[in-house]
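A.B. asks: Sequential numbering of the sequence shown, starting at 1, is according to the UniProt record's numbering. We put the CB at the ideal spot given by N, CA and C, even for glycine.
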Amino acid sequence: MFATAVILGIVAVLLAGPVPILLSAARWPARSPAVALVLWQSIALAGGLSMIGSLLGFGLIPFGMNLFDGIRSLGGHLVAGTLPDEPSFVAVLMLCAALILGSHLLLNLAATFFRAERQHRRHRHLIGLLSQPLAEHSGTRVIEHDAPVAYCLPGATRSATVLSRGLLQLLDDDQLRAVIAHEHAHLMQKHHLVLLAFKSWHSALPWFPIANRAENAVALLVEMLADDQARRAVDDRTLATAIALVGSAHQVDPLGTDVELADGPDHPFDLVSPRVRRLITPPAPLPAPAVLAVAASAAALLLLPTLLLMLA
Numbered sequence: 001m002f003a004t005a006v007i008l009g010i011v012a013v014l015l016a017g018p019v020p021i022l023l024s025a026a027r028w029p030a031r032s033p034a035v036a037l038v039l040w041q042s043i044a045l046a047g048g049l050s051m052i053g054s055l056l057g058f059g060l061i062p063f064g065m066n067l068f069d070g071i072r073s074l075g076g077h078l079v080a081g082t083l084p085d086e087p088s089f090v091a092v093l094m095l096c097a098a099l100i101l102g103s104h105l106l107l108n109l110a111a112t113f114f115r116a117e118r119q120h121r122r123h124r125h126l127i128g129l130l131s132q133p134l135a136e137h138s139g140t141r142v143i144e145h146d147a148p149v150a151y152c153l154p155g156a157t158r159s160a161t162v163l164s165r166g167l168l169q170l171l172d173d174d175q176l177r178a179v180i181a182h183e184h185a186h187l188m189q190k191h192h193l194v195l196l197a198f199k200s201w202h203s204a205l206p207w208f209p210i211a212n213r214a215e216n217a218v219a220l221l222v223e224m225l226a227d228d229q230a231r232r233a234v235d236d237r238t239l240a241t242a243i244a245l246v247g248s249a250h251q252v253d254p255l256g257t258d259v260e261l262a263d264g265p266d267h268p269f270d271l272v273s274p275r276v277r278r279l280i281t282p283p284a285p286l287p288a289p290a291v292l293a294v295a296a297s298a299a300a301l302l303l304l305p306t307l308l309l310m311l312a
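Quick look at the structure:
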């Protein structure tokens, strides 16, 4: 049990620092954003599982030789209202930390999704009242606003793509088709769910610098995935021009939340320039062996803490 807890602790430290830093600085994710997104999700899940598992492993040492015996013994002591013969303050502290951390992450995740759904529902109601449908594009609404704005509003049964009048006046037909295809891709691929999960991680651990780095990296990857879908409708240069025109004035993420572009400390992350460069000079996709290697690494990251806990 002790060895398992130590190994899980080492894995948690690696996934909390060096691994995300290296991945966020790498250039290959732009070549295959889908597989990079899978890897980011694996890092987040495996990191959280390793962190909680390590604390749980240390805390259960006085209660049994392995995880299942420890949990069974702990349950028996809780029912009987007793403690082991030689209770350890550190062990009890570790158990409390594992319980608090796990509960905090899960409750924060649930609260983030609940708040987002409530906001989306209210936003969809307002858009229904204050916008007009765009006849040529099903599921698209137009609001009377001079700034070029485009975003999507996801919903369980009803979603919408929202455009501003200023956007319609700024873009030509091909560029408009590119923007709509991009927003539809966000809706079809459920990018808001991925973004909400990482937003929840960041809000649960705001003091954790890697959480912010991960949220930014994932936000860029989902934009690239939506760009790749839009490239099927228009050529790369048209899409790049549309992104640059809209992004230079206003940027809206797939959650329907405005993100102003600026160079100040409050807005340090640019979701426009890397995408435009990627479209102007498209990088070669990752070769199949590299894709398989990354996918295998993502699977291994999830299996490692799971197997260590089961075999402890």
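Over the uninterrupted alpha helix (DSSP H) stretch that includes V90, give me the two end residues.
C.D. replies: From DSSP, the alpha helix (DSSP H) with V90 extends over 89-130.
A.B. asks: Within the continuous alpha helix (DSSP H) that includes S164, where are the two ends?
C.D. replies: First-last for S164: 160-164, but that is the beta strand (DSSP E), not the alpha helix (DSSP H).
A.B. asks: Would DSSP call A233 helix, strand or coil?
C.D. replies: In the structure shown, A233 sits in coil (DSSP, three-state: anything other than H, G, I, E or B).
A.B. asks: What does the Cβ neighbour count give for V6, buried or exposed, with the cut at 16 atoms within 10 Å?
C.D. replies: Exposed: under 16 other Cβ atoms inside 10 Å.
A.B. asks: Can you tell me the Cα-Cα spacing of A300 and L163, whole angstroms?
C.D. replies: Spanning the two alpha carbons is a distance of roughly 42 Å.
A.B. asks: Given that a residue counts as buried once 16 or more other Cβ atoms are within 10 Å of its Cβ, and exposed if not, what is Q169?
C.D. replies: The residue in question, Q169, is exposed, as its Cβ has fewer than 16 Cβ neighbours within 10 Å.
A.B. asks: Would you call the stretch 281-301 and the stretch 30-42 in contact, with 3 or more CB pairs under 8 Å?
C.D. replies: Short answer: they touch.
A.B. asks: In three-state terms, what does DSSP make of P209?
C.D. replies: Correct three-state label for P209: helix.
A.B. asks: Taking 6 Å as the limit between beta carbons, can you name the residues of its chain near A53, skipping five residues before and five after?
C.D. replies: Per the sequence shown, residue 53 should be read as Gly rather than Ala. Contacts found: L8, P305, L309.
A.B. asks: Go through its chain and collect everything with a Cβ distance to G264's Cβ below 8 Å, but skip five positions before and after it.
C.D. replies: Annotation note: pLDDT 32 at G264 (below 50); position unreliable, coordinate value reported separately. Correct list: empty, nothing qualifies.
A.B. asks: Measuring CB atoms only, is the stretch 96-110 touching the stretch 42-59, in the sense that at least three cross pairs come out at less than 8 Å?
C.D. replies: Result yes; three or more Cβ-Cβ pairs closer than 8 Å.
A.B. asks: Within the same chain, show all residues whose beta-carbon is closer than 7 Å to that of R177, passing over the 5 residues directly before and after it, in chain order.
C.D. replies: Cβ neighbours of R177 beyond the five flanking positions: A233, V234.
A.B. asks: Ignore the nearest five residues each way along the sequence and tell me which others in L153's own chain have a CB closer than 7 Å to its CB.
C.D. replies: Correct list, in chain order: H120, H123, R124, I127, S159, A160, V162, G256.
A.B. asks: Determine the direct distance from the alpha carbon of F68 to that of A219, and round the result to whole angstroms.
C.D. replies: Cα to Cα, A219 sits roughly 39 Å from F68.
A.B. asks: Alpha carbon to alpha carbon, how far is E260 from L95?
C.D. replies: Note that E260 has pLDDT 34, beneath the 50 cutoff, so the model's placement of it is unreliable and the number below is only indicative. Looking at the two C-alpha atoms, the distance is approximately 43 Å.
A.B. asks: To the nearest angstrom, how far is the alpha carbon of A98 from that of A204?
C.D. replies: Those two C-alpha atoms are separated by around 15 Å.
A.B. asks: I'd like the list of long-range same chain contacts for V11, defined as Cβ closer than 6 Å, with 5 residues on each side in sequence excluded.
C.D. replies: Contacts found: S50.
A.B. asks: Taking just the CA atoms, how far does V142 sit from Q132?
C.D. replies: Near 5 Å, if we compare the C-alpha coordinates of V142 and Q132.
A.B. asks: Which same chain residues, not among the five before or five after G70, have their C-beta less than 6 Å away from its C-beta?
C.D. replies: Answer for G70: L60, F63, G64, listed in chain order.
A.B. asks: For the stretch 192-212 against the stretch 235-248, are there 3 or more C-beta pairs whose distance is under 8 Å?
C.D. replies: No: the two stretches stay apart, fewer than three of their Cβ pairs being nearer than 8 Å.
A.B. asks: Comparing alpha-carbon positions, which option in L109, V92, A217, P287 lies nearest I21?
C.D. replies: Answer by Cα proximity: A217.
A.B. asks: So, with DSSP's three-state summary, where would you put A178?
C.D. replies: If DSSP states are grouped into helix, strand and coil, A178 belongs with the helices.
A.B. asks: Using the three-state DSSP reduction, which class does A12 fall into: helix, strand or coil?
C.D. replies: Three-state DSSP puts A12 in a helix.
A.B. asks: Residues bridged to L140 by DSSP?
C.D. replies: What sits at residue 140 in the sequence shown is Thr, not Leu. DSSP output for T140 lists T161 as bridge partner(s).
A.B. asks: Which one or two residues does DSSP pair with A150 in a beta bridge?
C.D. replies: Its beta-bridge partners are L163.
A.B. asks: Quick one: measure Cβ to Cβ for V179 and L171, integer angstroms, because I've assumed they're closer than 8 Å.
C.D. replies: Sure, about 7 Å apart at Cβ, within 8 Å.
A.B. asks: Would A288 be called buried (16 or more neighbouring beta carbons within 10 Å of its own) or exposed?
C.D. replies: Its Cβ having fewer than 16 others within 10 Å, A288 is exposed.
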